[in-house]
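*Asks:*
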Amino acid sequence: MSMTMNFVMVGCTYPILFFMYFFMKLEIGDKKKTVLGIAVPEAFRKDPQVMEICGQFRRSMRRGLIAMLIFPVLFLWMPWFTWYITGYLIWVYLMILVEMVPIAKYGERLKALKRSMRWGDSGNGKADVDFAMALQPVRVVKKPVLAVMCVLSVLPVLWELADQQDVDLKWAYTGILLIMAALVWLFSGILIWMDRQKSELISKDSDVNINFNRSKKRLRATAWIWMTGLSVVLVWLTAFALHDRLGGMTAYMAEITGYTVIVCALAIRCEWKILLLRRKMMTTLESYDSDEDNWYFGALLYYNPNDRHSLVENRIGTGYSVNLGSVGGKIVVGLVALLLVGCLIWVPVVVGMDEFTPIGLEVEDGTLRSTHTGVEYEIGESEIASVALLEELPEMSRKNGTSLKNLDKGRYKIDGYGTGYLCLNPENSKFLLVETVDGKVYLLSDATDAGTLEVYQELTTDSR
1 MSMTMNFVMV GCTYPILFFM YFFMKLEIGD KKKTVLGIAV PEAFRKDPQV
51 MEICGQFRRS MRRGLIAMLI FPVLFLWMPW FTWYITGYLI WVYLMILVEM
101 VPIAKYGERL KALKRSMRWG DSGNGKADVD FAMALQPVRV VKKPVLAVMC
151 VLSVLPVLWE LADQQDVDLK WAYTGILLIM AALVWLFSGI LIWMDRQKSE
201 LISKDSDVNI NFNRSKKRLR ATAWIWMTGL SVVLVWLTAF ALHDRLGGMT
251 AYMAEITGYT VIVCALAIRC EWKILLLRRK MMTTLESYDS DEDNWYFGAL
301 LYYNPNDRHS LVENRIGTGY SVNLGSVGGK IVVGLVALLL VGCLIWVPVV
351 VGMDEFTPIG LEVEDGTLRS THTGVEYEIG ESEIASVALL EELPEMSRKN
401 GTSLKNLDKG RYKIDGYGTG YLCLNPENSK FLLVETVDGK VYLLSDATDA
451 GTLEVYQELT TDSR
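For the sequence shown, the residue numbers in UniProt numbering are 1 to 464.
Spelled out as structure tokens, the structure:
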């Protein structure tokens, strides 16, 4: 792959790796109410056995970080995009495993130590907390605001359905806009779901718990409403870009990048503020959550069929964990697992078909036919106004479709011709420029220059 591609991929991923490493290291910090997600009584946090487990965790995390920093060497040099993107996906999955496995491993080891030493069973009085008061639900989300944004996200879809005259483009563009609008609906649904989750207990003082949970949910509501609003803007920008407005696809790629950076920054800033707020307001609560250790595996997987909530406050980092003991939790985990496995299979297969399936160009029964993974374009000879043989491609920019080292396919903006349809191998040196009587422009090629030249001769011979 090109140096630019490598720089973008690594430049976008390395910061995430360092963020994950930093947040995981906080799990053995003095200011957390748990150690590796386990409720260790404060009196025993400096026990030599606890410190040894924390040291092993720290060393394991450091080794994992070094391994993940080096791993891209295995795929960055690959010339085939299929292997490149597969290597990148595997790298992302391994990054998650390398961060999570040490937490699970040493968290379970610490839980076993706590049980064997009977820490929290005696000598530490149970916290005197009014649970009914402390855990009463706190609601802060304004649903009418979310409803308005959901409606606004659908308007470009309706506009496309009503205004687009080209049937093929209508359904293609509508599908793209529906996917973008789905982000708005997804963010809205997640925000409402988070707002309904049970309150977090951080203090013996019920007022502290109520104030903390109200502040925490307000921080999340503010961040997620901004993210949802930006997603609405993105839907409209997508609609404009598809119709070559506001700078077209070139500007749109910059907008997508800006959107991604801002959304990630909002999420990280929100969770960091919650982490600081928790540290500031938390008071010593001793063993209030000791019993909950039994429902966790390595502080990562929560399984409590007695808890009806699908989401519970995450013991690792910040945010939420899924309760596998609930029906909703099982559905969420199943869908996520299906998505992760599906991506690892689907992406290489689809990209591989595009990259390694040869394109074809032929004239048969009075029809010019361009093929790739299927029939891409069919043009009747009677519909062709002109055909020219090019030995060099004009300047082009992709509007939608595929762009690989050996394949350009889809709708492109062609310098001097406007919008055109491509199915060609840019590594070739012979191309057909076909203009139809209804004003459409096609740039096509066969898998080989000889094949392209043969089709050109057939078309020009027939036209005489």
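We put the CB at the ideal spot given by N, CA and C, even for glycine. What you are looking at is a predicted structure, and each value in this text was computed from that prediction instead of being measured.
Do you know how far the Cα of Lys280 is from the Cα of Ala181?
*Replies:* The straight-line gap from Cα to Cα measures roughly 38 Å.
*Asks:* Do Thr367 and Glu381 have their C-beta atoms closer together than 8 Å?
*Replies:* A contact, by the Cβ cut-off of 8 Å.
*Asks:* Closest by CA to Phe187, which one among Ile331, Arg220, Asp205 and Tyr88?
*Replies:* The shortest Cα separation from Phe187 among Ile331, Arg220, Asp205 and Tyr88 belongs to Arg220.
*Asks:* Report buried or exposed for Ile96, applying the criterion of at least 16 other Cβ atoms within 10 angstroms of its Cβ.
*Replies:* So Ile96 counts as exposed.
*Asks:* So which of Glu355, Leu335, Gly439 and Gly410 has the shortest CA-CA distance to Glu383?
*Replies:* Nearest C-alpha to Glu383: Gly439.
*Asks:* Need the endpoints of the alpha helix (DSSP H) that Tyr88 sits in, please.
*Replies:* Tyr88 -> alpha helix (DSSP H) spans Phe81 to Met117.
*Asks:* Suppose the cutoff is 7 Å on Cβ atoms and the five residues either side in sequence are ignored; what does the same chain contact list for Asn209 look like?
*Replies:* Counting only Cβ-Cβ distances below 7 Å, and skipping sequence neighbours, we find Ala134, Ser199, Leu201, Ile202 and Ser203.
*Asks:* Using only the alpha-carbon positions, how far apart do Tyr106 and Arg58 sit?
*Replies:* If I take the Cα positions, the gap works out to 10 Å.
*Asks:* With Asp354 as the anchor, note down where its alpha helix (DSSP H) starts and where it stops.
*Replies:* Asp354 -> alpha helix (DSSP H) spans Val327 to Phe356.
*Asks:* Helix, strand or coil for Val208 per DSSP?
*Replies:* Looking at Val208 - three-state DSSP - the assignment turns out to be helix.
*Asks:* Using a threshold of 8 Å, state whether the C-beta atoms of Thr452 and Leu422 are closer than that.
*Replies:* Not a contact, by the Cβ cut-off of 8 Å.
*Asks:* Quick one: which unbroken beta strand (DSSP E) runs of 3-plus residues sit fully inside the stretch 432 to 456? Chain order, please.
*Replies:* You should have 441 to 444.
*Asks:* Whole angstroms is fine: what's the gap from Met9's alpha carbon to Tyr302's?
*Replies:* Near 33 Å, if we compare the C-alpha coordinates of Tyr302 and Met9.
*Asks:* Let's test the definition: count the other Cβ atoms within 10 Å of the Cβ of Glu427 and tell me whether it reaches 16, buried, or not, exposed.
*Replies:* Exposed is the call here.
*Asks:* Tell me which residue opens and which closes the alpha helix (DSSP H) that Val322 is part of.
*Replies:* Segment Tyr320 to Val322 is the beta strand (DSSP E) holding Val322; no alpha helix (DSSP H) there.
*Asks:* Which first and last residues belong to the alpha helix (DSSP H) in which Ser382 is found?
*Replies:* From DSSP, Ser382 is part of no alpha helix (DSSP H); its letter is neither H nor E.
*Asks:* Quick one: is Ala239 buried, meaning 16 or more other Cβ sit within 10 Å of its Cβ, or exposed?
*Replies:* Buried: at least 16 other Cβ atoms inside 10 Å.
*Asks:* Can you find the residues in the same chain that come closer than 8 Å, C-beta to C-beta, to Tyr14, ignoring five residues on each side of it along the sequence?
*Replies:* Same-chain partners within the cutoff: Leu69.
*Asks:* Would you mind giving the Cβ-Cβ distance between Val349 and Ile85, rounded to the nearest angstrom? I have them listed as a contact below 8 Å.
*Replies:* About 11 Å separates the two Cβ atoms, so there is no contact after all.
*Asks:* How is Glu313 classed by DSSP in three states: helix, strand or coil?
*Replies:* In the structure shown, Glu313 sits in a strand (DSSP, three-state: E or B).
*Asks:* For Ile38 versus Lys114, is the C-beta spacing smaller than 8 Å?
*Replies:* Yes, these two residues count as a Cβ contact at 8 Å.
*Asks:* For Met51, write down the residues that DSSP places opposite it in a beta bridge.
*Replies:* Partner(s): none; Met51 has no beta bridge.
*Asks:* May I ask you to verify whether the stretch 389 to 401 touches the stretch 410 to 422, counting CB pairs closer than 8 Å and requiring at least 3?
*Replies:* The answer is yes - the stretch 410 to 422 touches the stretch 389 to 401, with three or more Cβ pairs under 8 Å.
*Asks:* With burial defined as no fewer than 16 other Cβ atoms inside 10 Å of the residue's Cβ, what is the status of Met3: buried or exposed?
*Replies:* The residue in question, Met3, is exposed, as its Cβ has fewer than 16 Cβ neighbours within 10 Å.
*Asks:* By Cβ distance, which residues of its chain are closer than 8 Å to Lys170, with the 5 residues on each side in sequence left out?
*Replies:* Glu160, Leu161 and Gln164.
*Asks:* Use the C-beta contact count for Gly11: other C-beta atoms within 10 angstroms, 16 or more gives buried, fewer gives exposed.
*Replies:* By the neighbour-count rule (16 or more Cβ atoms within 10 Å), Gly11 is not buried but exposed.
*Asks:* Quick check on DSSP: helix, strand or coil for Lys198?
*Replies:* In the structure shown, Lys198 sits in coil (DSSP, three-state: anything other than H, G, I, E or B).
*Asks:* Quick check on the burial criterion: 16 or more other C-beta atoms within 10 angstroms. Buried or exposed for Lys46?
*Replies:* When all chains shown are included, Lys46 counts as exposed.
*Asks:* Give every residue of the same chain whose Cβ lies closer than 7 Å to the Cβ of Val351, excluding the five residues on either side of it in the sequence, and list them in chain order.
*Replies:* Cβ within range, chain order: Phe81, Thr82 and Ile85.
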